[in-house]
Structure formats: structure tokens, C-alpha cells
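For the sequence shown, my numbering assigns the number -6 to the initial residue and increments by one for each residue that follows. Glycine residues also receive a C-beta, built at the ideal position from the N, C-alpha and C atoms. All values reported here derive from a predicted model rather than from experimental measurement.
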Amino acid sequence: MTGRRRVPPPLALALAAALALAAALAVAVAAQAQTRPARGASGSTAKAAAPTAPTAAAKAVAADYAQRFATVCAACHGANGRSDLAGTPVLAGQHSYYAITQLFLFREGRRSNPAMTAVAKGFTDADLRGFSDHIGTLPPQPAPSASAADAARMKQGQALAQQHKCVFCHGADLAGGQQVPRIGGQREDYLREALQGFRSGQRAGYTQAMGEAVSQIPPAELDVLAYFAAHVAVAGR
Ligand code: HEC
Ligand code: HEC
-6 MTGRRRVPPP LALALAAALA LAAALAVAVA AQAQTRPARG ASGSTAKAAA PTAPTAAAKA
54 VAADYAQRFA TVCAACHGAN GRSDLAGTPV LAGQHSYYAI TQLFLFREGR RSNPAMTAVA
114 KGFTDADLRG FSDHIGTLPP QPAPSASAAD AARMKQGQAL AQQHKCVFCH GADLAGGQQV
174 PRIGGQREDY LREALQGFRS GQRAGYTQAM GEAVSQIPPA ELDVLAYFAA HVAVAGR
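Below is the structure:
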């Protein structure tokens, strides 16, 4: 045996690049976060002073991506990201940091879906950022009415979400934050597929977090979790 095999670590490289992008984005996210009330500090909704008020150029870029979203993405994801197409996730209320990681994974072929691979493969870094920034501005859908859900299933789902620590990362109301997606209010069919995909290893995550979280959970319980997340009353941003 002479020397070590030098296997290029494409995922590691891809993730390093994603992290660099995400780090750049995080600055914007942090700036935005300052304008949001901290969890529990409901009184402090005042906007922070805005030393980084968007310039005219930044506003033009944002308007351009809003327009491109409306013409390209809304066909599948719905106007303002409120999808009612089977298998197609709601983007309304999704976090820009999470969105950029996923667009990056699609572009690099790490997360595969024929529709999204085709959409993302020609993206520049500016596109990744422009679209995910736009997604970050889409207001979440109104919470579903509690009476529309099966109470026994909701109770079981809530217990499973505690037991399997979903709430630990996704938050008590499953609204997520930063790189952790909002799953509260997401389409049930999409959630089911996503969870089964992580469990089988078919969907590669940006990190190992989800593969580890669901690898030991029986598929039937994942379906209850998908039901619970789809119907849970979720807070705004
Ligand atoms: C032809 C239909 C189609 C079009 C057009 C489309 N998407 Fe998608 N998109 C999908 C589907 C289907 C998925 C789910 C893929 C999967 O299951 O892995 C998805 C997933 C995503 C995700 C990941 C969401 C999540 O919760 O993980 C993001 C972000 C996204 N799309 C953004 C966009 C943007 C931005 C555009 C426009 C530039 C766009 N999509 C155009 C069908 C489409
Ligand atoms: C250690 C933190 C952590 C735990 C615990 C966790 N998640 Fe996640 N989850 C994440 C992260 C981070 C992602 C983004 C996926 C990636 O890495 O690309 C995610 C993604 C998801 C998605 C995909 C959403 C989308 O829009 O595509 C679903 C669904 C989900 N989680 C549900 C769950 C459920 C249900 C549980 C409990 C069984 C759970 N998660 C536990 C961190 C976690």
C-alpha cells in the first residue's frame, strides 16, 4: 500500500462552498433578525435603526427576483409561494437561509428532483441569493383552523414530535428558523415524502441532522408526524 487514497470529497467541498455562501447570507439574516422580536419578548417590535437600509440598486435587484419568481417559480410553487400542487412545497414563510442551502444542493445535484434540478442547474450564486432572499420575504400562510384536524392524530403527532425531539430543532410550533426549515403548515404529501426520503437516505441533507433524526422512526410514525406538522397552528415569522 503506497500512500493514502485521495478520494475527492465532493460533498465536503460542496458544503464548504455552501457554508461560505450561507455565511455571507447570514450577515443579511442577522441584520434582519435584529428587527424581529426575540422569542418571548413580544413588546419589542420596534424596528432597529437601519444603518443598512437597502440602496436603490438593492431594491432593483429584489424587484427583479420578485418578478422572476412570479414568472418562473409560481407556476409550481403558487403565487407568493402558496403551493397547491401535489408534491410541491409551500415556500411562503420559509427562511432564506434554509432556501439557499436547498437551492445550492439542487444546483450541485446533491438533492435530486427533475423539476428543481432543471430550474437550478443554471443558477449563478447571485441567483441562489436573489431567489432565497425573495422567499424569505414571503409571508406564511394563515394557520389552518384547528377544528379541521383529527384531534386524536394531532395528539399522537404532538407526542411523537416531543419524543423524537423534532421540536428541539424545528421549534414548538415547527416554524423553524435560519437553516432549519419551517415545517408547520407545509403540505402533508410533501412532508411525508421528505421524511421517507431522509429515512431511506434518498434525500441527502445539507447536514446529517435529519438522517439521524428519522433513521429509527417507523414509517407509520413519520406519517403521523407529517399530518401533525401540516395541521399545526404555526406562528408568523
Ligand atoms: C416544474 C415545477 C417547479 C418549478 C418551476 C420550480 N420548482 Fe421549486 N420545487 C419543485 C418541487 C417538486 C420541489 C420538491 C422537490 C423534492 O421533493 O425534492 C421543489 C423544491 C423547491 C425548494 C426546496 C423547498 C423545501 O422546502 O425544501 C426550493 C427552495 C425551491 N423549490 C425554489 C424554487 C424557485 C426559487 C423556483 C424558481 C426559480 C422554483 N423552485 C421553481 C417544483 C418546481
Ligand atoms: C438536530 C436538529 C433536527 C432535528 C432533531 C430534526 N430536524 Fe428536521 N430538519 C433539520 C434541518 C437542519 C433540516 C434541513 C435539511 C437539510 O439538512 O438539508 C431539516 C429538514 C426537515 C424536513 C424537510 C423540510 C422541507 O421543507 O423539505 C422535515 C419534513 C423535517 N425536518 C421534519 C422533522 C421531524 C418530523 C423531526 C422529528 C422526527 C425532525 N425534523 C427532527 C433539523 C432537525
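Where R196 is concerned, there is no enclosing alpha helix (DSSP H), because DSSP gives it neither an H nor an E.
Nearest Cα to T117 within the set A51, Y58 and G178: Y58. In this structure, the C-beta of Y90 stays at least 6 Å away from each heavy atom of ligand 2. Looking at A213, D77 and D126, the one whose alpha-carbon comes closest to that of Y91 is D126. Between ligand 2 and the CB of G164, the shortest heavy atom gap is not smaller than 6 Å. If you look at G123, you'll find it in the alpha helix (DSSP H) that goes D118 to I128. The DSSP-derived three-state label of V217 is helix.
T64 and Q156 have their C-alpha atoms spaced approximately 42 Å apart. Here V227 carries a coil assignment [DSSP, helix/strand/coil].
Rounded to the nearest angstrom, the gap between the Cα atoms of A136 and G150 is 17 Å.
With fewer than 16 other CB atoms across the displayed protein chains lying within 10 angstroms of its CB, A213 is exposed.
Within the same chain, Cβ atoms closer than 7 Å to the Cβ of R196 are found at R104, A187 and G190, the five residues on either side in sequence being excluded.
Distances between the C-beta of Y199 and the heavy atoms of ligand 2 include at least one below 6 Å. In this structure, Q172 keeps its C-beta atom at 7 Å or more from the C-beta atom of V83.
With a threshold of 6 Å, the Cβ atom of M203 counts as near ligand 2, since some heavy atom of the ligand is closer than that. For V173, the secondary structure class from DSSP, reduced to helix, strand or coil, is strand. Relative to ligand 2, F161 has its C-beta within less than 6 Å of a heavy atom. Relative to ligand 2, K158 has its C-beta within less than 6 Å of a heavy atom. In the structure shown, K148 falls within a helical segment according to DSSP collapsed to helix, strand and coil. Ligand 1 has a heavy atom closer than 6 Å to the beta-carbon of T81.
Looking at M203, G169, H224 and E181, the one whose alpha-carbon comes closest to that of H88 is G169. When DSSP states are grouped into helix, strand and coil, G71 belongs to the coil group.
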